[in-house]
Amino acid sequence: MAFQGSLRLAALALALSALAGNGLAEETDKPLGVVELFTSQGCNSCPPADAFFAELAAKENIIALAYHVDYWDYLGWQDTLSRKENTERQYDYMRAFGSRSVYTPQAVINGRSHVNGASRKEVDGTLARLQKTGEGMRVGIKVSRTSDRVMIDTGDAGSGPTDAHVVIVYFNAPQTIKIGEGENSGRSMTYWNAVSGIQTAGMWHGKAQRYELPMTEISKKGGCAVLLQSVGKDGTPGPILGAAFIRKP
Numbered sequence: 015m016a017f018q019g020s021l022r023l024a025a026l027a028l029a030l031s032a033l034a035g036n037g038l039a040e041e042t043d044k045p046l047g048v049v050e051l052f053t054s055q056g057c058n059s060c061p062p063a064d065a066f067f068a069e070l071a072a073k074e075n076i077i078a079l080a081y082h083v084d085y086w087d088y089l090g091w092q093d094t095l096s097r098k099e100n101t102e103r104q105y106d107y108m109r110a111f112g113s114r115s116v117y118t119p120q121a122v123i124n125g126r127s128h129v130n131g132a133s134r135k136e137v138d139g140t141l142a143r144l145q146k147t148g149e150g151m152r153v154g155i156k157v158s159r160t161s162d163r164v165m166i167d168t169g170d171a172g173s174g175p176t177d178a179h180v181v182i183v184y185f186n187a188p189q190t191i192k193i194g195e196g197e198n199s200g201r202s203m204t205y206w207n208a209v210s211g212i213q214t215a216g217m218w219h220g221k222a223q224r225y226e227l228p229m230t231e232i233s234k235k236g237g238c239a240v241l242l243q244s245v246g247k248d249g250t251p252g253p254i255l256g257a258a259f260i261r262k263p
């Protein structure tokens, strides 16, 4: 489904990493890639994409984030997970890609390419292609924690873009929702990693650097991820250079 229009620039998406155990735990993460799915409970094309996305969300080597948009609410069902900021992020990508409209289900891969989010062949193929051409996750991110804080350590750039935003993307725990109206009326769907908020933690300039967050912010969220994402001169989101999950202890 496609929808045309214009919206303000939204906050850009960002980064996270995995933790476990007591005391200080740490892990360096270089996943295969980042899949950002733009979806809606009110879009009759989205259930196959949502089902495939659940498989992606279960993979340890993929950072899978679902952005529920609000522009299909007029069809009779208000998406219970939609956020205006999610729709704005999709429009930002539209401008970055030079597209004339947005659509659902849309999967943005590594901030570099977009495909039909319901097509396993296109999503898997794009992840593999970007990895092969060196457009995958090339900057390592290490996350460590103590009882009161989370430390995010980013690696060196090597070659390529050397400026990026360090962004924390919060998401909900899996939720099963029965849709009562609209094009998917009567369906019960389980939604994974639905984005609930985005926070910019700082700027990265190509060199190893540490960023700190209070553990209290992480603990009260369903989950979160870190995206190290470059930004165009016009503020639009660019390639994602590194990413990781932060898991609760």
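Going by this note's numbering, the residue at position 213 of the sequence shown is 227; the numbering climbs one at a time, nothing skipped.
Note that beta-carbon positions come from the ideal geometry of N, C-alpha and C, so glycine has one too.
Tell me whether the beta-carbon of residue i lies closer than 8 angstroms to the beta-carbon of residue j.
{"i": "L227", "j": "V164", "result": "yes"}
{"i": "K234", "j": "M151", "result": "no"}
{"i": "F185", "j": "G125", "result": "no"}
{"i": "W110", "j": "G216", "result": "The amino acid occupying residue 110 in the given sequence is Ala; Trp does not appear at that position. Not closer than 8 angstroms, so no."}
Measuring only the C-alpha atoms, how far is residue i from residue j?
{"i": "A78", "j": "Q145", "result": "16 angstroms"}
{"i": "P119", "j": "W218", "result": "31 angstroms"}
{"i": "I193", "j": "V83", "result": "15 angstroms"}
{"i": "C238", "j": "D170", "result": "23 angstroms"}
{"i": "I166", "j": "S244", "result": "17 angstroms"}
{"i": "R201", "j": "L70", "result": "21 angstroms"}
{"i": "V129", "j": "G112", "result": "14 angstroms"}
{"i": "S158", "j": "A257", "result": "14 angstroms"}
{"i": "Q55", "j": "G220", "result": "39 angstroms"}
{"i": "L38", "j": "D162", "result": "Here L38 scores only 34 on pLDDT, less than 50, and its place in the model should not be relied on; the value that follows carries that caveat. When rounded, the distance between both Cα atoms is 11 angstroms."}
{"i": "E102", "j": "Y225", "result": "26 angstroms"}
{"i": "I212", "j": "V183", "result": "5 angstroms"}
{"i": "Q7", "j": "G172", "result": "A query on residue 7 cannot be resolved here, the shown segment of the chain reaching from 15 to 263 and no further."}
{"i": "S199", "j": "Y117", "result": "20 angstroms"}
{"i": "H179", "j": "S59", "result": "32 angstroms"}
{"i": "V240", "j": "F259", "result": "6 angstroms"}
{"i": "T214", "j": "T53", "result": "23 angstroms"}
{"i": "L46", "j": "V122", "result": "14 angstroms"}
{"i": "E197", "j": "R143", "result": "34 angstroms"}
{"i": "L51", "j": "I232", "result": "22 angstroms"}
{"i": "T160", "j": "L255", "result": "26 angstroms"}
{"i": "T230", "j": "L89", "result": "39 angstroms"}
{"i": "S210", "j": "D87", "result": "18 angstroms"}
{"i": "R261", "j": "V49", "result": "18 angstroms"}
{"i": "E99", "j": "I76", "result": "23 angstroms"}
{"i": "D93", "j": "C57", "result": "10 angstroms"}
{"i": "L95", "j": "P61", "result": "15 angstroms"}
On the CB-based measure, 16 or more other CB atoms within 10 Å of its CB, does residue i come out buried or exposed?
{"i": "R114", "result": "exposed"}
{"i": "E149", "result": "buried"}
{"i": "A63", "result": "buried"}
{"i": "R97", "result": "buried"}
{"i": "G131", "result": "buried"}
{"i": "T168", "result": "buried"}
{"i": "Y81", "result": "buried"}
{"i": "A72", "result": "exposed"}
{"i": "D177", "result": "exposed"}
{"i": "E195", "result": "exposed"}
{"i": "Y85", "result": "buried"}
{"i": "T140", "result": "buried"}
{"i": "E74", "result": "exposed"}
{"i": "A65", "result": "exposed"}
What are the boundary residues of the alpha helix (DSSP H) that includes residue i?
{"i": "G143", "result": "For the sequence presented, residue 143 should be read as Arg rather than Gly. Residues R134 to K146."}
{"i": "Y88", "result": "Where Y88 is concerned, there is no enclosing alpha helix (DSSP H), given that its DSSP letter is neither H nor E."}
{"i": "D170", "result": "Run containing D170: none; DSSP gives neither H nor E here."}
{"i": "T230", "result": "M229 to S233"}
{"i": "L70", "result": "P61 to A71"}
Just to confirm the assignment, what range does the beta strand (DSSP E) spanning residue i have?
{"i": "S113", "result": "Here S113 belongs to no beta strand (DSSP E), and DSSP marks it neither H nor E."}
{"i": "L79", "result": "I76 to H82"}
{"i": "E50", "result": "G47 to T53"}
{"i": "A239", "result": "G237 to V245"}
{"i": "R159", "result": "I155 to R159"}
{"i": "W206", "result": "Taken as a continuous stretch (DSSP letters only), W206 belongs to no beta strand (DSSP E), as it is neither H nor E."}
{"i": "S96", "result": "Taken as a continuous stretch (DSSP letters only), S96 belongs to no beta strand (DSSP E), as it is neither H nor E."}
{"i": "K192", "result": "Q189 to K192"}
{"i": "S266", "result": "Because the chain in this structure spans residues 15 to 263, residue 266 falls outside the shown range and cannot be described."}
- Task: Take every Cβ of the region 240-257, pair it with every Cβ of the region 98-109, and state whether three or more of those distances are shorter than 8 angstroms.
- Result: The region 240-257 makes contact with the region 98-109; the number of CB pairs closer than 8 angstroms reaches 3 or more.
- Task: Count the CB pairs spanning the region 202-216 and the region 183-191 that are closer than 8 angstroms, and state whether there are at least three.
- Result: yes
- Message: Between the region 129-142 and the region 153-171, can you find at least three pairs of beta-carbon atoms closer than 8 angstroms?
- Response: The count of Cβ pairs closer than 8 angstroms, one atom from the region 153-171 and one from the region 129-142, stays below three, leaving the stretches out of contact.
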